[in-house]
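Engineer: Residue numbers (the numbering used here): 99 to 585.
#1: For residue 565 and residue 517, what's the separation of their Cα atoms in angstroms?
#2: How about residue 374 and residue 531: do their beta carbons lie closer than 7 angstroms?
#3: Enumerate in chain order the residues of its own chain whose CB-to-CB distance from residue 360 is below 6 angstroms, with the five nearest sequence positions on each side excluded.
#4: Beta-carbon within less than 6 angstroms of residue 190's beta-carbon, same chain only, minus the 5 sequence neighbours each way: which residues are those?
#5: Tell me the DSSP secondary structure of residue 212 in three-state form.
#6: Please report whether the beta-carbon of residue 554 lies at a distance below 7 angstroms from any beta-carbon of chain C.
#7: Suppose contacts are defined by Cβ-Cβ distances below 7 angstroms. Is residue 568 in contact with residue 500 by that definition?
#8: Taking the C-alpha atoms as reference points, what is the distance between residue 357 and residue 338?
#9: Using the C-alpha atoms, what's the distance from residue 505 back to residue 425?
#10: Going by DSSP in three states, residue 459 sits in which element: helix, strand or coil?
#11: Tell me whether residue 352 is buried or exposed, calling it buried when 16 or more other Cβ atoms sit within 10 Å of its Cβ.
#12: Around the Cβ of residue 188, are there at least 16 other Cβ atoms within 10 angstroms (buried) or fewer (exposed)?
#13: Can you round the beta-carbon distance between residue 57 and residue 392 to whole angstroms, since I take them to be within the 8 angstroms contact cut?
#14: Below 8 angstroms, how does it come out for the region 426-440 and the region 388-402: are there three or more Cβ pairs, yes or no?
#15: When DSSP labels each residue in this structure, what does residue 351 get in the three-state scheme?
#16: Residue 195: buried (16+ other C-beta within 10 angstroms of its C-beta) or exposed?
#17: Out of 445, 539, 407, 216, point me to the one whose CA is closest to residue 315's CA.
#18: Does DSSP classify residue 551 as helix, strand or coil?
#19: How long is the line joining the alpha carbons of residue 174 and residue 345, rounded to whole angstroms?
#20: Are there 16 or more other CB atoms within 10 angstroms of the CB of residue 309, so buried, or fewer, so exposed?
#21: Go ahead and label residue 456 buried or exposed: buried means 16 or more other beta carbons lie within 10 angstroms of its beta carbon, across all protein chains shown.
#22: Excluding five sequence neighbours on each side, which residues of the same chain lie with their C-beta closer than 6 angstroms to the C-beta of residue 252?
#23: Are residue 354 and residue 571 close, meaning C-beta to C-beta below 7 angstroms?
#24: Just curious, the alpha helix (DSSP H) that residue 199 is in, first and last residue?
#25: Are the region 477-493 and the region 326-342 touching, with three or more C-beta to C-beta distances below 8 angstroms?
#26: Which residue wins for smallest C-alpha separation from residue 447, given the options 233, 226, 508?
#27: Tell me whether residue 448 sits in a helix, a strand or coil according to DSSP, three-state version.
#28: May I have the straight-line CA-CA distance separating residue 574 from residue 386, to the nearest angstrom?
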């Protein structure tokens with residue numbers, strides 16, 4: 099049977115803690131091996147050093163050597179318990195602070211939403227007041243001048259009535275018409291006055307609501323400041339408690355194997371989550387590299403278009419020099435695009451079948467552009483130039499389609515990686531919560547409850563904070579964007 103190329107080796111994870119091992123037995127020391135020992139020539143068993151006497155007693159040596167690690171473990175456990183007792187009051191005070199301020203973070207978020215809605219309503223009331231004031235300003239001249247206009251209208255109607263009576267057909271003018279006109283004018287004035295006072299009442303109500311909103315915002319802002327202080331104390335207590343537990347429990351915990359197991363489980367999930375976060379960032383970088391490739395590919399298309407126009411109009415060797423220069427630029431940007439494509443694939447590794455196929459197609463397109471451009475740019479005539487430009491244009495158009503597909507595939511890879519981050523973030527918070535519960539139970543076993551609440555309560559989930567570790571802006575440095583020029 100053939101052996102494996104890479105033999106299986108035992109590896110040790112530095113993040114996984116191991117319990118202390120106590121030797122069960124020890125090989126007895128042969129008395130014959132110490133026959134020539136100078137200490138064995140001393141007269142009498144009591145005149146020999148203790149170590150020499152135990153060398154001739156293998157049974158006792160085995161007993162003592164097997165008891166020594168146990169004694170060291172007991173001493174370490176006792177020292178650890180003493181350390182816990184020394185900081186028990188600090189632990190209790192921090193837990194009490196967390197309990198008393200546990201409502202602050204959620205209440206602060208709700209208060210912020212409440213103030214935001216109050217400010218929105220305040221803006222609406224201010225706009226309503228401005229609209230009412232504008233309408234009042236428009237109706238104010240009619241209201242103030244209504245009496246003068248009424249007198250003027252009545253005088254005009256009186257004169258008009260007298261003139262009409264002098265006519266032979268005065269009977270056609272009914273006296274009720276004039277009375278109706280006067281009544282109509284009075285009714286119009288009453289309607290204008292009613293509308294004016296209605297606007298004043300509306301403005302008064304809006305102003306009253308505005309004042310109420312200002313008072314509520316001021317009161318809510320004061321409450322928000324108080325909640326901010328409590329939330330800050332709560333966050334500080336969490337940080338201090340984390341630092342306290344890390345200083346005590348980091349590494350092997352003698353006498354408490356359950357804490358070692360919980361911490362090992364936490365570190366395993368933490369390593370997994372960090373790997374998922376790095377994958378998201380790598381996929382995001384891949385998308386940026388593909389966008390960089392698209393910019394270089396666009397630049398190649400600009401020079402390709404210029405070369406096509408000049409090739410159609412040019413003639414002679416000197417006339418085609420600019421065309422050849424444009425094709426060299428096309429080849430230059432195609433080469434840079436190929437380099438960026440390789441960088442994007444490195445950040446997408448391991449490649450799936452779809453992305454691998456698209457990458458292979460794009461590499462072939464880049465090679466096609468270069469193979470067409472380089473020879474013709476060196477020695478081609480007009481017919482060869484036109485043929486080269488036509489072939490290059492086909493490759494360039496195909497490259498645009500493939501790059502769009504690659505960019506979409508890279509974004510899909512990032513979405514999938516983010517789903518894994520969400521899952522690992524949730525599991526990591528569960529492991530962290532379980533680890534903190536075990537550590538608090540260690541304090542309760544060693545030092546008692548004190549003033550701290552006996553029941554563990556995970557007041558603040560850190561799942562969202564773990565998720566947001568991948569919500570960072572990834573920027574390519576100058577070396578990675580070398581050669582890319584916007585046209």
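In this text, a Cβ means the ideal position worked out from N, Cα and C, and glycines have one as well.
Since the model is a prediction, treat every value here as computed from it, not as a measurement.
Structural biologist: Short version:
#1: 10 angstroms
#2: no
#3: 532, 533, 536
#4: 548, 549, 550
#5: helix
#6: Here chain C cannot be found, since the structure has a single protein chain.
#7: no
#8: 19 angstroms
#9: 26 angstroms
#10: helix
#11: buried
#12: exposed
#13: Limits of the chain in this structure are 99 at one end and 585 at the other, which puts residue 57 out of reach.
#14: yes
#15: coil
#16: buried
#17: 216
#18: coil
#19: 16 angstroms
#20: exposed
#21: buried
#22: Annotation note: pLDDT 48 at residue 252 (below 50); position unreliable, no value reported.
#23: no
#24: Looking at the DSSP string, residue 199 is not in any alpha helix (DSSP H), and its letter there is neither H nor E.
#25: no
#26: 508
#27: coil
#28: 8 angstroms
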